[in-house]
Amino acid sequence: MLNFGRRQDVGYENEKVQNLTTMNIPTSILISVGSALLTVLAFMCIRTLVIVGGAAVYVGKSKRAAERRVYRRDFAHGQFRSELLAGAVVLLFDAATIVAVRYLGWIQPASFTLQNFLMTFAIAFVWYEIWFYATHRLMHTKPLYFIHAQHHVAKVTHPLTAMSFSLAERTVLNTGALGFVIVASHFLPVALEGYGLYFLFNYVLNVLGHTNVELLPKSFVKSSFGKVFITPTYHAMHHARYAGHYGLFTQVLDHAFKTRWQDYPEVHARAADGRGLTSMSERIETAPEK
Ligand SMILES: [Zn+2]
Ligand SMILES: [Zn+2]
Numbered sequence: 001m002l003n004f005g006r007r008q009d010v011g012y013e014n015e016k017v018q019n020l021t022t023m024n025i026p027t028s029i030l031i032s033v034g035s036a037l038l039t040v041l042a043f044m045c046i047r048t049l050v051i052v053g054g055a056a057v058y059v060g061k062s063k064r065a066a067e068r069r070v071y072r073r074d075f076a077h078g079q080f081r082s083e084l085l086a087g088a089v090v091l092l093f094d095a096a097t098i099v100a101v102r103y104l105g106w107i108q109p110a111s112f113t114l115q116n117f118l119m120t121f122a123i124a125f126v127w128y129e130i131w132f133y134a135t136h137r138l139m140h141t142k143p144l145y146f147i148h149a150q151h152h153v154a155k156v157t158h159p160l161t162a163m164s165f166s167l168a169e170r171t172v173l174n175t176g177a178l179g180f181v182i183v184a185s186h187f188l189p190v191a192l193e194g195y196g197l198y199f200l201f202n203y204v205l206n207v208l209g210h211t212n213v214e215l216l217p218k219s220f221v222k223s224s225f226g227k228v229f230i231t232p233t234y235h236a237m238h239h240a241r242y243a244g245h246y247g248l249f250t251q252v253l254d255h256a257f258k259t260r261w262q263d264y265p266e267v268h269a270r271a272a273d274g275r276g277l278t279s280m281s282e283r284i285e286t287a288p289e290k
């Protein structure tokens, strides 16, 4: 009888331990994921406030910025509200995606060395130029344009436009960004520091590219650097004209696939001279190419 009673107690204790374990594992994971999410979200909010907020204050308050607007037109009615809402959703979505990938353990990072760091940065740069151009161009086709329409709420861009995407488009962009690092990390020594620095650089240039303010001198466009890399004018023309200039930070693929506007140097010169365009449909006569 006594033995039987003891066995019953032991069974009860085991059941208690089992219940505690099954309750504790999800709670601890939940706390860990929750705190990771809050940390990533806090970092992203600070980054947005500093970079997007700083650029927005400059665009709105600076006399020099007002003089050098590429398109001297008003923002669309309801543009800021729409972009703010889309940007807030994108922020939450990005943070959740990063935390999910981190917890799923899909990335196999290599240790930090200068070589790994530089190689990761360079590969991320080239890969994302290709991914962005290809998907951006596809999203400008009639059947897929609905995915990209939120980004084109802005005909005249503002720093907020840099974060204004539909969830479907952000999924496409994040698939390129995270898919690359997940796959590449299994074959190449991917240093997360190089990858992180590229996307910080990407974020800053993306915001600058949406300022609708041309601070680079006319000589930049004619320089060999300016023939490869884009300027805020370059991307402002994409938003104003809905077509052409699909490239991210370089003109290489626009040149290769003939999607570069011929009057880009002239539009740039006008903005740099403080004589930005006053009509979206305005085209500037260019000399025929020799
Ligand atoms: Zn577009
Ligand atoms: Zn844009």
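Residue numbers (the numbering used here): 1 to 290.
Ideal placement from N, C-alpha and C gives every residue a C-beta, glycine not left out.
Consult DSSP for L20 and reduce its assignment to one of helix, strand or coil.
-> Any answer about L20 is weak, because its pLDDT of 48 lies below 50 and its placement is not dependable; what the coordinates show is given next. The answer is helix: DSSP assigns L20 an H, G or I state.
Does the Cβ of L2 have 16 or more other Cβ atoms within 10 Å, making it buried, or fewer, making it exposed?
-> Below a pLDDT of 50, predicted positions are generally treated as unreliable, and L2, at 39, falls in that range; no measurement from the model is reported.
For M237, which residues of its own chain have a beta-carbon under 8 Å away from its beta-carbon, when the five flanking residues on both sides are left out?
-> V70, G244, H245, W261, Y264 and V267
Do you know how far the Cα of H239 is from the Cα of V153?
-> 9 Å
Answer yes or no: the CB of G78 versus the heavy atoms of ligand 2, is any distance below 8 Å?
-> no
With C-beta atoms as the reference, is I51 less than 9 Å away from Y203?
-> yes
Ignoring anything shorter than 4 residues or poking outside the segment 198 to 262, list the alpha helix (DSSP H) runs there in chain order.
-> 218 to 222, 224 to 228, 232 to 241 and 252 to 256
Kindly examine ligand 1 and report whether one of its heavy atoms sits closer than 8 Å to the Cβ of H158.
-> no
Among F75, F132 and A269, which residue has its Cα nearest to the Cα of P217?
-> A269
Alpha carbon of V213 to alpha carbon of T233, nearest angstrom | 7 Å
Exposed or buried, V126, counting other C-beta atoms within 10 Å across all chains shown (16 or more means buried)?
-> exposed
Per DSSP, Y145 forms a beta bridge with which residues?
-> Beta-bridge pairing links Y145 to no other residue.
Is R170 close to chain C, meaning its C-beta is less than 9 Å from at least one C-beta of that chain?
-> The structure shown contains no chain C; it holds only a single protein chain.
Go through its chain and collect everything with a Cβ distance to V221's Cβ below 8 Å, but skip five positions before and after it.
-> K227, T231, Y264, P265, H268 and A269
Using CA coordinates, which residue listed in V156, F257, F165 and Y242 is at the minimum distance from A88?
-> F165
Could you have a look at L104 and say whether DSSP puts it in helix, strand or coil?
-> helix
Whose C-alpha, out of R241, H255 and S82, is nearest the C-alpha of M280?
-> R241
Coil, strand or helix - R69 by DSSP | strand
Give the straight-line distance between the Cα atoms of R7 and L192, rounded to the nearest whole angstrom.
-> Low local confidence applies: a pLDDT of 45 at R7 is under 50, so the model's placement there is unreliable, and no value is given.
Sub-9 Å separation of F75 and V156 beta-carbons | yes
Helix, strand or coil: how does DSSP classify L37 here?
-> helix
Counting only the same chain and skipping the five closest in sequence on each side, list residues whose C-beta sits under 7 Å from that of T250.
-> E129, V228, F229 and I230
Neighbour-count burial assignment, F121, 16 or more Cβ in a 10 Å radius = buried
Distance, Cα to Cα, S219 vs G54?
-> 27 Å
Taking Cβ to Cβ, would you say L160 is nearer than 9 Å to L84?
-> yes
CB G194 to CB A124, shorter than 9 Å?
-> yes
Buried versus exposed call for V10 [16 or more other C-beta atoms within 10 Å across all chains shown] = A caution first: V10 carries a pLDDT of 48, below 50, which makes its placement in the model too unreliable to give a value.
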